[in-house]
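Notes follow once the structure below has been shown.
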Amino acid sequence: MNNPIFAFVLSVFIVALVLVYIRRGKLKEKYAILWLLVALVSSAAVIFPETVFRFASSFGFEIPANFLFSITLLISLFLIFLLSTDISKKQRQIENLATELAIIKNQLKK
3 MNNPIFAFVL
13 SVFIVALVLV
23 YIRRGKLKEK
33 YAILWLLVAL
43 VSSAAVIFPE
53 TVFRFASSFG
63 FEIPANFLFS
73 ITLLISLFLI
83 FLLSTDISKK
93 QRQIENLATE
103 LAIIKNQLKK
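Convert by adding 2 to the 1-based position in the sequence shown; the result is the number in the working numbering.
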């Protein structure tokens with residue numbers, strides 16, 4: 003990145019935003035940890051760019067940007083997987099609640 007100060011400020015902004023959302027109850031802790039990890043790794047990549055170059059070359063990437071893009075893609079896929087499992091769990095809970103409500107309504111009619 004051409005402007006490391008902007009990237010560092012953006013990482014700090016993400017950390018602050020995550021903390022505010024946790025405090026307001028709009029973000030669960032399990033997702034907040036992932037976002038905080040992303041912000042911390044981004045900050046470290048800005049502060050220590052030579053580390054990114056070393057990791058990229060050790061994993062066989064010629065361009066560090068491709069390495070960072072691949073890491074971002076993997077994190078996104080992991081987040082999508084977490085959200086999919088959470089949606090599936092909520093769907094089962096909704097179905098169970100709807101069944102229980104139907105049973106209660108049926109008992110009240112009798």
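Positions of the beta carbon are idealized from the N, C-alpha and C atoms, including for glycine. In this text the structure is predicted, and so the values were computed from the model without any measurement.
Spatial neighbours of residue i within its chain, please: CB distance less than 6 Å, with the 5 preceding and 5 following residues excluded, ordered by chain position.
i	result
A58	P66 and F69
In or out: residue i buried (at least 16 other Cβ within 10 Å) or exposed?
i	result
A41	buried
A47	buried
S45	buried
V22	exposed
V11	exposed
V54	buried
V14	exposed
Apart from the five residues just before and just after residue i, which ones in its own chain have a Cβ nearer than 8 Å to its Cβ?
i	result
I77	L36 and V40
K91	none
M3	For M3, the predicted model reports a pLDDT of 47, less than 50, meaning its position is unreliable and no value from the coordinates is stated.
### Task
Any chance you could list the alpha helix (DSSP H) runs of at least 4 consecutive residues sitting entirely within the segment 27-82, in chain order?
31-49 and 51-60
Handout entry: beta strand (DSSP E) segments (min. 3 residues) lying fully within the segment 81-108
Key = none
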